Every structure is written in C-alpha cells, then in structure tokens.
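Okay, structure first, notes after.
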Amino acid sequence: MLQDILITGLINGGVYALLAVGFSLIFGVARIVNIAHTAFYMLAAYCFYALLVKAGLGFAVSGVISVAGVTLASMVCYRLVIEPVREHEAAVLIATIALALIFQELMLFSFGGHYLGIPSTLEGAVHILGASIPYQRLLILVVAAVMLSFVWFVLYRTRLGLAIRATANDLEVANLMGMNVNRVAMATVAISVALAAIAGVVVAPVFVVDPFMWLAPLVTMLAIVVLGGLGSLKGSLIGALIIGYVEAITVFVLPAGAYLKGAVALAIMVVVLLARPEGLFGVAFEEER
Amino acid sequence: MYLARRGWAELRNEVLVLPSRTLVLVWMLALLSLPVAYDDAYALRILTMTCIFAIFAASWDLLAGYTGQVNFGHALFFGAGAYTSALMSLRLDISPWATIWAGAATAALFGYGVGYLCLRLRGSYLSLATLAFPLIALGLLFAFPDFSGGELGISGLRRLTQSVTGNYYIAAIGMLAVVFGLWALADSKFGIVLHAIRDDELAARASGINTPRYKLAVFAISAAAAGFSGALFAHYIRIAGPSTLEVALSFQVVIWGIFGGVATIYGPVAAVFILYPLTEWLGSFKAFGELRLLIFAVIVLLVLLFMPRGLAPWVRDKIETQCPRCKQRNGIWKKMCRLCGAALKTEVPRAQRLVGHQ
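In order, the protein sequences belong to chains A and B.
The numbering of the first sequence is the numbering used here, which starts it at 1 and goes up by one.
The numbering of the second sequence is the numbering used here, which starts it at 1001 and goes up by one.
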C-alpha cells in the first residue's frame, strides 16, 4: 500500500503540476483567473480521442495535432474574447467561465454526454518494489517531468522567459522597457494552454473522457495554486505534489476516501491559508492595495 | 385625502422623475399583478424560480459587489439553507414556515464561519479559497449518505402552500422584501462603509472602521439571504439535493452578478429576470433544448464585449445623466438638474472642444 501511495501521489502530482504551473503563469503575467484553463485540457482530450479513435491516426500524430490545435484555439479565444475586456477584471472572469461552458456544451453536443474510453498508448507494466505501474502512467510521469523542465528552461534561459518574468513582476515597467506586453501575454497564454493540453492528451487514456471532466481538476488546480501562492511557479509545483499525495493517502487509507479526497485536499488548502494568507511561496501583497 | 395627495406627490417627485425608478415600479407592479392577468402554471413556475434565484443573486452582490469579497462559493449558503430546512421539516416534522427561518439562520452561521476563516484573505485568494467550502460540504454529504441522502438528496418535502399562485406570491413577495431590504441596507451608512472597504480596506481601517466586524456582518447577512432563497428553493421543488452545492451554481451566481453589473443590487436581479426565463424559454424548444447552456454562454459573452461593466449600469447611463454639481441623477431629456438647477448639457464652443479640456 505504501508503494501505491507513493507512486499514485507522484503521478497525480505530476498531472496537477502541469495544470497548476500553466495557470500560475497566466495569472502572474496577465492577472487573469483563467477558469477555462482545464476546459482546454478537456478539449485536448476530446481532440485526441477524435483523431485517434475516429480518424484512426497514430498516437504521436494525433497527440501533436491536438496540442497544437488547442493552443491555437486558445490564442484565438484570447484575442477575440479576453483582450477586448482586459481592463475589467470582473468581465474577464466571467468571460473565462462562459468560455469553459461553451466548450463543455460544444463537446456535449458533438460527442454526447457518455464516458469515452481511449485505448492505452503503451501496453504492459513495470514492477518496482512489488508495485506494478502500467507504462501509460510512467509515460505521464516522464512527460510531466520533461515539460516542466522545458518550461523552466524557457523561463530562465531564454529572452522570451526573461520578458515573461519581467512582465509578471511589473507590467508597466516592462512595457516602458520596450517589451510588447500584449505579445508577451499572448505567448504566456500559448505556453500555459499547451501545458494543459499536453496534460489532457497524456491523461486521456488513463481517465475517462467526458464533457464534465474539467470541473474536478479545476477545483484541485485552484486549491494547489492558492496553496502554493498565486503566481509562484515553485509554489505550484510543490503544492501539486502535496495535494497529489494528500489525495492518494485519503483514497488508500480512509473509508469512503474517494468521496472525501477533494474535501481533504481543500481543507488542507484552507488550513494553510489560515496560517499564511499569501500561500506557501506567495509574495505578501502589501503593496498591491 | 391628504395622504393620497401626499403619496401622489411623493410618487411624482421621487419615482416618476427618473426613468430607472419608473422601470422598477412598473416591474414591481407587473410582478404582483401577473397571476391575475396571465394564469399559466408553466409561466408562474418559471417566474417563481426566477424570484428565488433573484434573492440569491442579490445576496451575492451585497458581498461581492459592495464589499469586494468576491465569493466563488456562494452555493454553500444556498445549500446550507436548503439542507437545514429540508432536514428539519422532514426529520423533526416542523412546519416549513418555521424551518425556512432556521435555514436562513444556519446559513448565516456558515457565512460567519467562512467570513471568519477568510478575514485575512484578499482579492483572488479569497475568491479561490471560498470556492473550496461548498465542495468540502459536498464531500462530507457524500461521505455520510445516511444523514444527508447522499447523491439523491432529501426528497418528499412539503410545499409552503399547495396552489401555484400561492407559491408564486410567496416567492415574489419574499423576493421583493429581501431585495428591497438589501438595497436599503446598501444605500445606508452601512453600505457606504462597505464601499470604503472594497475600495481601500487599509484606508477604511485608518479611518477608524472596524473592518473585520463589518466584513463578518456582511458575510452573515448575505449568507442569511442566500440561505433563505435556498430554503424556499428546496420547499418549492420539494427536494434538497447536492446540486444546491455544486460549482455550477456558484459560477451561475457569479455570472448573474457580473452580467447585471456589480455593486447595484438591482443589476443582478435584472440579470436573473432576463437570463433565467430566457434559458428556460429557449430550452422549451426542441431544437434548442440541448443547446441552451451554449446559447446562454454565448449571449453572456457577446453582451460583455459591448457592456463590460454589466447590463444595468449600461442601461442606466443610456437613460440618465449625472448632475456635474450635486451628483444626483436626472432623466436624459433634462437640460437642468432637477435638484440644484445646474446646467446638465453645457454647450461647449467648437473651438474649445478642439483644444480639449484644459
């Protein structure tokens, strides 16, 4: 059981980290609370399903196409829907909620509400310390690790990353230093949605795909982001692991744990916020009055 | 006779001078006289639900719009009211007329608790943290199905009265009372303090306002109103289920509030009265039935692109202007302020307009 907890926690934590880091990026740079973030994850899973099962393309091809397509769609949505109302925080908020609802309903309409299963990308399992891990879950872990390192590389070793960090730090000064803030925001949206889309594609064969699959991870992701501190990437990563393990422990140890896993994770978030209102690694928001 | 003349004078000078107030009056009269004029059970059913949700949306606005505590978990209070009232009337066999108040009181207690936990949080942190509470409650409900009915909820509740019209009037009068109560509260000195807390909490504290106490009070009041609507809802549809606590409902009320225009009270109410019957009406068409949430979201999105501050402030700016001197509102057709006599539309000479304002 201990091995199960360790491994499940790590894998779920990896998926959550992919989602939470992307969300944190958008929030840091553009101050957008993007409720539609996990809707893009759902969209990618559906895209993958359609290309793989309906169109019969290969795993790699359909994966790449769905990630690229969803990223493109997110940029179009940002341009058309979010950018015109950027000054009005409340309007941005419900614009993202409305977007998520639109995606959900579109998928409900075109694929129906039932659960869709996707065949495993990789068959077989590996045995470590008496616990058997299917290759598919191992793939999730590898992809998450690779993508997170890639994001770290982009953010800390490229000029675009420098621009993104500068904009997150102070939008106006970054603008004055000659960065095209709108384009930086656009690039951030693309990166963060690409992360969500990748999570959707790798997770689709393990979980079932349905139009409401965006709600549960949305709540967990928001809990992680708040727990780690809004806008802090390190916080999101560590928060994702904490919540991943807490959920795994609840499911394996408590009776009726499957119902309570969300509640326990959220309760932990509340407890952390009581002690540290700015989250584990958030900057204290004194000056942002 | 004197009273009648006095009343007419009040009406003419205070209500009919402003198009927005006239609209509110017309809406109120229409609401109260509808069952007499058009006694269709389906329409009354939809309007009853609309009234119940209008209370809910208005209560969210007091908390989120006025005080700036943008609550993403307002469904907690709705659900607390619904479940408390349902459990008490079913298990203890108390008349629903009494349990509704108990539901509101429990919700107020929940509101106080949530407010207490969130006192130190601000902005997006508060929004995202409050999202958690209804889900924690939902998890607990599912974990103890014997007590709460689990996924099926608590069914077989009694209605307040049996007739369709009676239920409609209960909801409508309850809605008018609560909404006007909240409006009066928001317009009072208390409401001004709430504005101050939203705009700059630090400055409000520096001015000697005990902001935690005000925030707790608002959380409790707003939760009580939401719990009242939840209890009405449970007894109207005769079931208190997990759907009263879901994220969807929390988001729904956020959409109503922002779509109507925050910090107005009447904005969210107007939004519910437009959006809820519209979605129900669209849903009654066979071709649109499946698409109604989609159409709803698209409408919200399109309207927001044109009126990012919300519907009610946009309409109000179209039909009224603000006096530059005394800040009172006037009908758009007035040339002079009705209270202080200042000119409303000063003709700026062309040359001056070209130079700009300085």
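All C-beta atoms, glycine included, are put in the ideal place defined by N, C-alpha and C.
Predicted model, so just to flag it, every value in this text is computed and none were measured.
Contacts around residue i, its chain only, beta-carbon distance under 7 Å, and the 5 residues preceding and following it disregarded
{"i": "V21/A", "result": "L148, V151, L195, L233, S236 and L237"}
{"i": "L57/A", "result": "L51"}
{"i": "V81/A", "result": "A95 and L99"}
{"i": "W1314/B", "result": "M1307"}
{"i": "F1110/B", "result": "L1076, F1077, A1080 and A1223"}
{"i": "I7/A", "result": "A131 and I133"}
6 Å Cβ shell around residue i - same chain, five flanking residues per side excluded
{"i": "V76/A", "result": "none"}
{"i": "S120/A", "result": "Q136 and P205"}
{"i": "V272/A", "result": "L227"}
{"i": "V328/A", "result": "No statement about residue 328/A is possible, as the shown extent of chain A runs from 1 to 289 and does not include it."}
{"i": "Y1227/B", "result": "One point to set straight first is that residue 1227/B is Gly, not Tyr, in the sequence displayed. The residues are F1077, A1080, G1081, G1103, A1104 and A1107."}
With 16 other Cβ atoms within 10 Å as the buried cut-off, status of residue i
{"i": "M269/A", "result": "buried"}
{"i": "R79/A", "result": "exposed"}
{"i": "H127/A", "result": "exposed"}
{"i": "H114/A", "result": "exposed"}
{"i": "A1104/B", "result": "buried"}
{"i": "Q1069/B", "result": "buried"}
{"i": "N1167/B", "result": "buried"}
{"i": "P1134/B", "result": "buried"}
{"i": "S66/A", "result": "buried"}
{"i": "M1336/B", "result": "exposed"}
{"i": "V201/A", "result": "buried"}
{"i": "L18/A", "result": "buried"}
{"i": "W1333/B", "result": "exposed"}
{"i": "G1356/B", "result": "In this prediction, G1356/B has a pLDDT of 47, which is less than 50 and means its spatial position is unreliable; what the coordinates show is noted afterwards. G1356/B comes out exposed."}
{"i": "C1323/B", "result": "buried"}
{"i": "V1247/B", "result": "buried"}
{"i": "C1326/B", "result": "exposed"}
Test item: CB-CB of residue i and residue j under 7 Å
{"i": "S1217/B", "j": "G1267/B", "result": "According to the sequence displayed, residue 1217/B carries Ala and not Ser. For A1217/B and G1267/B, no; Cβs fall outside 7 Å."}
{"i": "V70/A", "j": "V203/A", "result": "no"}
{"i": "V29/A", "j": "A168/A", "result": "yes"}
{"i": "S1059/B", "j": "A1225/B", "result": "yes"}
{"i": "A258/A", "j": "V251/A", "result": "yes"}
{"i": "I35/A", "j": "I97/A", "result": "yes"}
{"i": "L230/A", "j": "F48/A", "result": "no"}
{"i": "I1265/B", "j": "L1182/B", "result": "yes"}
{"i": "A1129/B", "j": "L1140/B", "result": "no"}
{"i": "A1223/B", "j": "F1077/B", "result": "yes"}
{"i": "A45/A", "j": "V209/A", "result": "yes"}
{"i": "A197/A", "j": "D4/A", "result": "no"}
{"i": "I224/A", "j": "G239/A", "result": "yes"}
{"i": "A1009/B", "j": "A1240/B", "result": "no"}
{"i": "V1262/B", "j": "F1053/B", "result": "no"}
{"i": "A144/A", "j": "Y41/A", "result": "no"}
{"i": "V1015/B", "j": "R1021/B", "result": "yes"}
{"i": "T38/A", "j": "L218/A", "result": "yes"}
{"i": "P211/A", "j": "L108/A", "result": "yes"}
For residue i, the nearest candidate out of the options (CA to CA)
{"i": "A1064/B", "options": "F1251/B, L1032/B and H1235/B", "result": "F1251/B"}
{"i": "G1150/B", "options": "F1142/B, G1156/B and L1157/B", "result": "F1142/B"}
{"i": "L1282/B", "options": "F1273/B, I1274/B, R1292/B and L1275/B", "result": "R1292/B"}
{"i": "Y245/A", "options": "K261/A, G231/A and L230/A", "result": "K261/A"}
{"i": "V1269/B", "options": "A1240/B, Y1236/B and G1310/B", "result": "G1310/B"}
{"i": "V1164/B", "options": "A1177/B, P1035/B and S1207/B", "result": "P1035/B"}
{"i": "L1278/B", "options": "G1261/B, M1175/B, V1262/B and F1296/B", "result": "F1296/B"}
{"i": "S1229/B", "options": "A1057/B, C1323/B, W1027/B and R1091/B", "result": "A1057/B"}
{"i": "L1304/B", "options": "P1324/B, A1343/B, A1041/B and F1259/B", "result": "F1259/B"}
{"i": "V1253/B", "options": "D1061/B, W1027/B, A1004/B and A1030/B", "result": "D1061/B"}
{"i": "L1119/B", "options": "S1243/B, L1339/B and E1201/B", "result": "E1201/B"}
{"i": "A125/A", "options": "R165/A, A163/A, K54/A and L138/A", "result": "L138/A"}
Spatial neighbours of residue i in its chain, beta-carbon cut-off 8 Å, leaving aside the 5 residues before and after
{"i": "L1018/B", "result": "E1320, R1329, N1330 and G1331"}
{"i": "M186/A", "result": "M75, Y78 and R79"}
{"i": "R1238/B", "result": "S1155, G1156, L1157, R1158 and R1159"}
{"i": "R289/A", "result": "Bear in mind that the predicted position of R289/A carries a pLDDT of just 41, short of 50, making it unreliable; the figure below should be weighed with that in mind. If we look at R289/A and ignore the five residues flanking it on each side, it has no Cβ neighbours."}
{"i": "P1145/B", "result": "E1151"}
{"i": "I1055/B", "result": "G1174, M1175, V1178, V1179, A1225, A1226, F1228, S1229 and L1232"}
{"i": "I1209/B", "result": "V1193, A1196 and I1197"}
Distance cut-off 6 Å: residue i Cβ against heavy atoms of the ligand PLP
{"i": "Y1169/B", "result": "The ligand PLP is not among the ligands present in this structure, which contains no ligands whatsoever."}
C-beta neighbour in chain E for residue i, strict 7 Å
{"i": "V270/A", "result": "Checking the listed chains, one finds no chain E in this structure; the protein chains it contains are A and B."}
Report task. Note down, one range per segment and in chain order, each alpha helix (DSSP H) of at least 4 residues found wholly within the segment 1171-1227 of chain B. Result -> Runs of the alpha helix (DSSP H) inside the segment 1171-1227 of chain B: 1189-1199 and 1201-1206.
Requested in this report: Write down every uninterrupted run of the alpha helix (DSSP H) in the segment 138-212 of chain A whose length is 4 residues or greater and which is fully enclosed by it, in chain order.
Outcome: Listed in chain order, the alpha helix (DSSP H) elements of length 4 or more contained wholly in the segment 138-212 of chain A are 159-169, 171-176 and 181-203.
Requested in this report: Give, in chain order, every unbroken run of the beta strand (DSSP E) that is at least 3 residues long and sits entirely within the segment 1306-1334 of chain B.
Outcome: The qualifying runs are 1320-1322 and 1329-1331.
Query raised in the report: Curious, which full-length alpha helix (DSSP H) runs of at least 4 residues does the segment 1008-1041 of chain B contain?
Result: List check, alpha helix (DSSP H) in window: 1019-1037.
Query raised in the report: Can you give, in chain order, each stretch of the alpha helix (DSSP H) that sits fully within the segment 1234-1307 of chain B and has at least 4 residues?
Result: Segments of the alpha helix (DSSP H) lying fully in the segment 1234-1307 of chain B: 1247-1260, 1266-1283 and 1292-1306.
Query raised in the report: Which runs of the beta strand (DSSP E) spanning at least 3 residues fall entirely within the segment 1043-1083 of chain B, listed in chain order?
Result: Fully contained in the segment 1043-1083 of chain B is no beta strand (DSSP E) run of length 3 or more.
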